[in-house]
Every structure is written in C-alpha cells, then in structure tokens.
Amino acid sequence: MSNFNIGNKSYLPALKPLAMNLLRSRLTFSLVILLIVVVQNIITTPTFFNISITNGFISGYIPNILDEASELVIVTLGMTLVIAVSGGVDISVGAIMAISAAFCGMLLNGAEYRTDVFHSPYILALFFGLLGGALCGAFNGFLVSVLKIQPMIATLILFTAGRSIAKQITFGQTIYIMNPQYKWLGVQIPGVPVRTTIIVAIVIIALVVLFTKLTSFGLYVQSVGINGSASRLVGLNSRVITFMAFVICGILAGVAGLVGSSGVGSVNSGELGLAIEMDAILAVALGGNLLSGGKFSIAGSVIGAYTIQAITTTLYAMSVRADQLNVFKAVIIIMIIVASSDVFKERIKKLSRKKSSKSMPVGGQINEGQ
Amino acid sequence: MKDNKKSAMVSPDFLIKRKALSNAMVLLLITISLYVLLYVISSVMFVDSNFSKYSVFFNLFNNKAYLLMLALGLTVVMITGSIDISVGGVTGLISMVIATMLMKSGVSAIWSIPVALGIGIAFGIVQGFLVAYMEIQPFIVTLSGMFFARGMISVISTQSVPITDKLFMSWSSAKVYIPFLYNARRNGTSDVAYLTPAAIAAILVLIILIIVLKKTKFGRSLYAVGGNPQSALLMGINVKRIKFMAHVLCGLLAGIGGLLFTLLSPSGNPGNGYGYEIDAISSSVIGGIMLSGGLGLPIGTLFGVLINALIERVVPLLGIVEASWPRIITSAFLFVFIVLQSVFAGAGKKGGFKLLRPEWMRFRSRK
Chain A
1 MSNFNIGNKS YLPALKPLAM NLLRSRLTFS LVILLIVVVQ NIITTPTFFN ISITNGFISG
61 YIPNILDEAS ELVIVTLGMT LVIAVSGGVD ISVGAIMAIS AAFCGMLLNG AEYRTDVFHS
121 PYILALFFGL LGGALCGAFN GFLVSVLKIQ PMIATLILFT AGRSIAKQIT FGQTIYIMNP
181 QYKWLGVQIP GVPVRTTIIV AIVIIALVVL FTKLTSFGLY VQSVGINGSA SRLVGLNSRV
241 ITFMAFVICG ILAGVAGLVG SSGVGSVNSG ELGLAIEMDA ILAVALGGNL LSGGKFSIAG
301 SVIGAYTIQA ITTTLYAMSV RADQLNVFKA VIIIMIIVAS SDVFKERIKK LSRKKSSKSM
361 PVGGQINEGQ
Chain B
1 MKDNKKSAMV SPDFLIKRKA LSNAMVLLLI TISLYVLLYV ISSVMFVDSN FSKYSVFFNL
61 FNNKAYLLML ALGLTVVMIT GSIDISVGGV TGLISMVIAT MLMKSGVSAI WSIPVALGIG
121 IAFGIVQGFL VAYMEIQPFI VTLSGMFFAR GMISVISTQS VPITDKLFMS WSSAKVYIPF
181 LYNARRNGTS DVAYLTPAAI AAILVLIILI IVLKKTKFGR SLYAVGGNPQ SALLMGINVK
241 RIKFMAHVLC GLLAGIGGLL FTLLSPSGNP GNGYGYEIDA ISSSVIGGIM LSGGLGLPIG
301 TLFGVLINAL IERVVPLLGI VEASWPRIIT SAFLFVFIVL QSVFAGAGKK GGFKLLRPEW
361 MRFRSRK
C-alpha cells in the first residue's frame, strides 16, 4: 500500500504541471468542444470525412463547414479586437455588413435594381464597400473612444438604424447583380477548386494575426483592455487604439458583408448577416476570451467560430429545423459558458479538494501504522 | 430652520450644491421637455390628424402599454448595471403560449395570467441565477435566453394562431372611458378618450415601481449596487441577491408585458416580439437611464416610451411610407441622448456642470 502511494507521488509532479497548464489554457476548452462536435458527427454521419470534387470544386462536410463559417470567422476577428480593447461588444456588425454590401452593390448597379453588366470597376466598388464599413466603424469608434460611451449602447445606434440606412442606399429594394464576375468573391473563381470564401477567411486570419503579432498593436490592445487609464499613464494613446480597433472591426464586417452578398449574388439589407453579431460574440466567448476585455487569443476566436458553425451544421444534419435551431444553440451555449465560468471551476476545485482531503488522512494513517 | 439658514449663510457653496439638479433630474427634464416639444410641433404641423384630441394622446398609452412594461424591466436591470435582452423573445413566447393554450387546449382565459407571469418569472430566475451567482456576463446569458425563447416559439407553432376566446377578447377589446375628456366630432357625436385595461395595468405597475424604487430598501439597494457594487458590499448589501432579484423583477415585468402585448394584438405569431428588446433599451436610454448603472428614474422611461410611440405615429404623417424611417429617426434620438448622457457623466465627474434650480422648484428641507 505504501509502495503504491510513493509510486503515485513520483508520477504526479511530472504530470501535474502539464495537466494544470492544459486546464488553465482557455484554448483547450474550445478545442475540446470542437472535438466533441466532430466525434459526434463521425458517429452519426460516417461520411463526415469524405471529400469529393463536384461541379469543379471540393465539396464535403468539412469544406462545407469551412465555407459557411467564413463570414462568421471574419466578423469574429473584428469582434475579438473590440471586446479585448473595450470590454464591450459591437452589436452593429450585421448592420455594417448590410451597409457595405449596399455601397458596393449600388456602385456596381448604377441605379438599376437588376443588371448584367458592372456600371463601375469591380475593384472600385469593393473599395467603396470597405470604405463604408470603415466609416461605420469610425462612427462607433468615435462614440466609444472620444465620448466614452459604453460600446453596446454606442453600437446600438447603428444596430437599429444600419439596416434601414442600407435600405435607403439601395432605394428600398433588394438589388440583384447578375454579372457572374460578382460571384468570384463569395462562390468561386473559375479554375480554382476551392471556394473563395475559405481562401478569403484564411487570408484575413493571416493578415490579422500578422498585424497583431508583428506590430505592437496586439499588445497595446491588451494593455488598454486590461487598464485603460494605466496604459495612458504609460504613454499609450488609448483613445487612438480603441478607435483603431473599432475601425478594423468595421472593415472586417465590411469584408464579411461583401463576401456574403457576393455569395448570394444580391444585396438584401434585411437578410444579410442577420443576427451574426450574436454568433460572433458567442464565438469570442467560446474561444476562451474574457468578455470583460484584456487578453485575447485570435486562435481561440477562430476555433470558436468554426465550432459554432460545426454545431449549426451538425444540428441541421440531425434534421433540426432552422427556426428550432436556436433552442439547442441556447442550451449548448449556456452549458459551455457555465462549464467555463470561474465560479464553476472553483466549485469543482473545492469538491476535488474535499475528496482528496478525505482520502489523504486515510493514507496517512496507514503510513503511520506501518 | 434657523440652524439651517445660519449654515447656509456661512457656506454658500453648500447652498448652491443643494439647489443644483442631479444629473438624473437634468436628463429627465430634457426628456420631458423634448416630448412636450415634439408633441406640440406635431400637433401644429399636422392639424388634420387630431393631435390636440385627448383620445390621440391616450392612444399612445394604449398602443405602447407592453413596451412600457418591457422598458421598465430593463430600467430595473440597467440601474443595477446589468442588461436583459431576452424580453422581446419572452414577449413573443408568452403570446404564442397563451394563443396555443386558449385555442388548442381550451383552457379558461383566466389561466393566461398566471401562465404569462410564470414564464416571465421562470426566465428571470434562471437568468438571474446565472448572472448573479454564477457570475456570467449578463449579455451572454440573456442572449441565450432570447435564442431559447425565439426557438421555443417555433417549436410550439410555425403558423400564426389567432385568439378567438370570448373572455380573452372581452378583456382585449374593453375600454374604460375617461369622463370629461372628449372632443366633439363634426357630426355631433363625441370622441371620448379611453384607456384599455392593459394601459391601466401598465400605469398601475409604473406607479408601484416608482414607489418601490424611491421608498423601499430594495429599491435603494438597486441604485447602490449599480452605482458601485464594491461599496454596496461594504455597506452590507447582499449584492448577489439584489442582482438576482433585479433579474427576477425584470422577468416578472416582461411576463406582464407579454400578457399586455397579447391583449393588444390577440394572436400567437412566430414573428411576435422581434426586436422589442432594442425598442425597450432605446426607450430606457432616451428616458435617461444610464447603462453603466446607478442612475435613472422610472418616470423617465415612461417618457422614453411615449417619445418612441410618438415618432412611430408622426413619421408616416411626414409622407414617408417606408417602414425603415421610424427606426432611423429613433436612432438619431438615441444618438442625441447618448451623447448628452456622456457629456453629463463626464462633467459630473469633474463637478463642473450643474444647473441651478429656479426658485419655485427648490424643495425646502424641513430639518
């Protein structure tokens, strides 16, 4: 008995730091969730890993999830920065998507609601779409950084008005862009076997990672998010950094809007990116980022976004209707958030401590007896 | 009295401070004067649409009784520094449950009241527990609550369920005429102002809530928790419990709101209550409730709701048929108020910006 105890003790020090690190790392948590979803999928649908080439591009479960998640991933990246820098959320991203798509669509279409030819160069229209997104982001950023308004309330303005503004830009109607070139961004560039959305998402992820890691912007964002006034005393211009984070979020939402509208070949301001802000916030939370700001992990957010899309696709595959999806989503999210909450972790720790403290005296007595 | 005067004479600064309006009062005054201004302007601009009639004024209450309830719920949680965005979903869910219950199960209409309140309180308890005791962000918790409620609506039914229950319809169409308040029509009949039972219930709840927030220990604790949770804790207030209770109260008010909404439009529709949480939040913010907590008066929420209702009524008269314009205009108002709030909050910290009350508005202290 005592031998066993000693042997056990000699194992523990080696294993404990690794296990504790894994437990502490917030990334692990989202990875585990993703793993659970994938395993569940493998059990229910054996064809999960099958990849085939149909209609000239790669299709299958996994490419599908990657494709459908790309809008969410792009929006989530911007949301991550905003949450990290301000400790609040930007609920206007869906509306910004609609606005930037409306800008782009109006330039391409002229004043017609349905055309086959572009009325202006595609690149110019894309640029103006992004500019629209950046303007919206700048508006939000101005309210938050200069006027010191809570981000959720500041973005509430564009959240309520954004779709209506987009509708006014498109003269109150859904516009259709029939030129096949328009679908390059959201569906496929001829000859490339991978959907463009996946490529766009990867490029954007790479850009954001490079921007936050190569420059000190990422560090500054964390510093402002942890303590804005302290970082101002250190010499950071926390206003500019907050403003920049919101502008970046706006631009990324604009990219997502362009991708989304290109995917369906039309600009429908009422439908584009509807309720995506909710999914994006959840993705950030799932990725293990604190919603109160501060440290952030781009990798976590990306994994969170793909996890949410995987959950959605899985539920669809289980023949859950689109409108009933929300019930399952809500329950799953609450379970995940509760399990990852600090209070819950402390309870679990206390419980395990109690168990170990109960078992310890027993072992000690045996040792003493011998 | 004498002592008071003496001290006032000795330190005039103290006197000025006591006579200055608090930030909450200034915001409230701005809201009220804006509402009056809007009403007067619209009654001058649109003489034909009878803004000077009593009935038009009271119809604002009748049409937005449910929104008043939702906004008051949000007022309570916003005062504690939390938020609840599930109220719209709860409203929709309640209307759908009541419709299904009355039409498919044939239960008596009286049961709709406990069912509505029960659903609201259940949402409040679960969300309050998660927010207060599990310390999860209220936004995420109530977001999931909204998802859950919206999903449950379509689980119950994906088609609209009109209510034809006799008792329920008699509540819905009942009118309480207000004596002495009528305008003569051209054909000799008179247009008497009336309130629906829903509006009367909403006004009663508003009065109760004003008293609770102003006079009771619970109400003052709400402000203390919202203003500074740490010092509230040091004062001996059970912060977690107060937060929990605020969410339960918000759930209860959302339950009442759902019932009143069903009385206003008696049918269970999958799209019911969509976006109402945003209407309620913007009403509260326009009414002068600070989202950062600790500041705001429920009477302001009433005027926020009334401004919302007025905009919805006036904008079509401007000749804009497009449904998207009321939202843009409401947002513009929201923008103005948010900027005002931020200006006041910033100035309040420095202690620089305070309005002196005019002589007739000064309350004399009795001590």
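Chains A and B, in that order, are what the protein sequence lines are. Here the first sequence stands for residues 1 to 370, where the numbers follow this note's numbering. Here the second sequence stands for residues 1 to 367, where the numbers follow this note's numbering. Note that beta-carbon positions come from the ideal geometry of N, C-alpha and C, so glycine has one too. Predicted model, so just to flag it, every value in this text is computed and none were measured.
Counting only Cβ-Cβ distances below 8 angstroms, B:Q230 has no contacts in chain A at all, with the closest Cβ about 15 angstroms away. Below the 9 angstroms Cβ cutoff, chain B contributes G275, I278, D279, S282, R327, I328, T330, S331, L334 as neighbours of A:T160, in chain order. In terms of beta-carbon proximity, A:N326 lines the interface with chain B, with at least one pair separated by less than 7 angstroms. Among the CB atoms of chain B, one or more fall inside 7 angstroms of the CB of A:K167. Contact annotation: the stretch 259-278 of chain B does not touch the stretch 46-61 of chain B, with fewer than three C-beta pairs closer than 8 angstroms. Among the bridge pairs identified by DSSP, A:I177 is matched with A:T115. Ranked by Cα distance from A:E68, the options A:V224, A:V194, A:K295, A:G300 are led by A:V194. The beta carbons of A:I333 and A:L274 sit no closer together than 7 angstroms. Taking the C-beta atoms as reference points, A:V75 is found nearer than 7 angstroms to A:V93. Residue pairing of B:L195 in beta bridges, as defined by DSSP: B:V176. Taken in chain order, the members of the stretch 140-173 of chain B whose beta-carbon sits within less than 9 angstroms of a beta-carbon on chain A are I140, V141, L143, S144, G145, M146, F147, F148, A149, R150, G151, M152, I153, S154, V155, T158. Between A:S30 and A:G225, the C-beta spacing is not below 7 angstroms.
Counted as a single uninterrupted DSSP element, the beta strand (DSSP E) harbouring A:F57 occupies residues 57-60. For B:T216, there is no enclosing beta strand (DSSP E), since its DSSP letter is neither H nor E. Interface flag for A:Q150 against chain B is set, since a Cβ pair is found closer than 7 angstroms. Sequence-distant Cβ neighbours of A:Q309 in its own chain, meaning closer than 7 angstroms and more than five residues away, are I65, E68, A69, L72.
For B:S267, the nearest beta carbon of chain A is not closer than 7 angstroms to its own beta carbon.
Against chain A, the CB of B:Q137 has a partner CB under 7 angstroms away; the residue lies at that interface.
Taking 4 residues as the shortest admissible run, the stretch 244-312 of chain B contains the following complete alpha helix (DSSP H) segments, listed from N- to C-terminal end: 276-286.
Following the DSSP letters along the chain, one finds A:I53 inside the beta strand (DSSP E) bounded by residues 51-54. A Cβ-Cβ separation of about 7 angstroms places A:M318 in contact with A:T44 under the 8 angstroms criterion. The beta carbon of B:L222 lies closer than 8 angstroms to those of V76, I79, T80, L213, I242, A246 in the same chain, with the five residues before and after it left out.
Between A:A98 and A:A166, the C-beta gap is smaller than 7 angstroms, which places the two residues in contact. Taking 8 angstroms as the upper bound on Cβ-Cβ separation, chain B lies near residues D323, Q324, L325, N326, V327, F328, K329, A330, V331, I333, I334, I337, V338, S341, D342, V343, F344 of the stretch 323-350 of chain A. Rounded to the nearest whole angstrom, the C-alpha separation of A:W184 and B:K240 is 53 angstroms.
For B:S95, no chain A residue has a Cβ inside 8 angstroms of its Cβ, as the nearest lies near 16 angstroms away. Taking CB atoms only, A:M278 has a neighbour in chain B less than 7 angstroms away. Judged by DSSP secondary structure, A:L315 falls within the alpha helix (DSSP H) whose first and last residues are 298-317. Listed by position along chain B, the residues whose Cβ is nearer than 9 angstroms to that of A:L72 form an empty set, because the closest Cβ is around 15 angstroms away.
When secondary structure is reduced to three states using DSSP, A:L290 falls in the coil class, being assigned neither helix nor strand. Remark: three or more beta-carbon pairs, one from each stretch, lie closer than 8 angstroms, so the stretch 249-258 of chain B and the stretch 105-125 of chain B are flagged as touching. With the criterion set as a beta carbon lying under 7 angstroms from some beta carbon of chain B, the members of the stretch 283-308 of chain A are A285, L291, in sequence order.
Pairwise C-beta distances place the stretch 167-186 of chain B in contact with the stretch 195-215 of chain B, as three or more of them are shorter than 8 angstroms.
Among the residues of the stretch 61-92 of chain B, those with a Cβ less than 8 angstroms away from any Cβ of chain A are I83, in the order of the chain.
Beta-bridge analysis with DSSP links B:N238 to no other residue. Take the alpha-carbon of B:I329 and the one of B:V314: they are about 11 angstroms apart.
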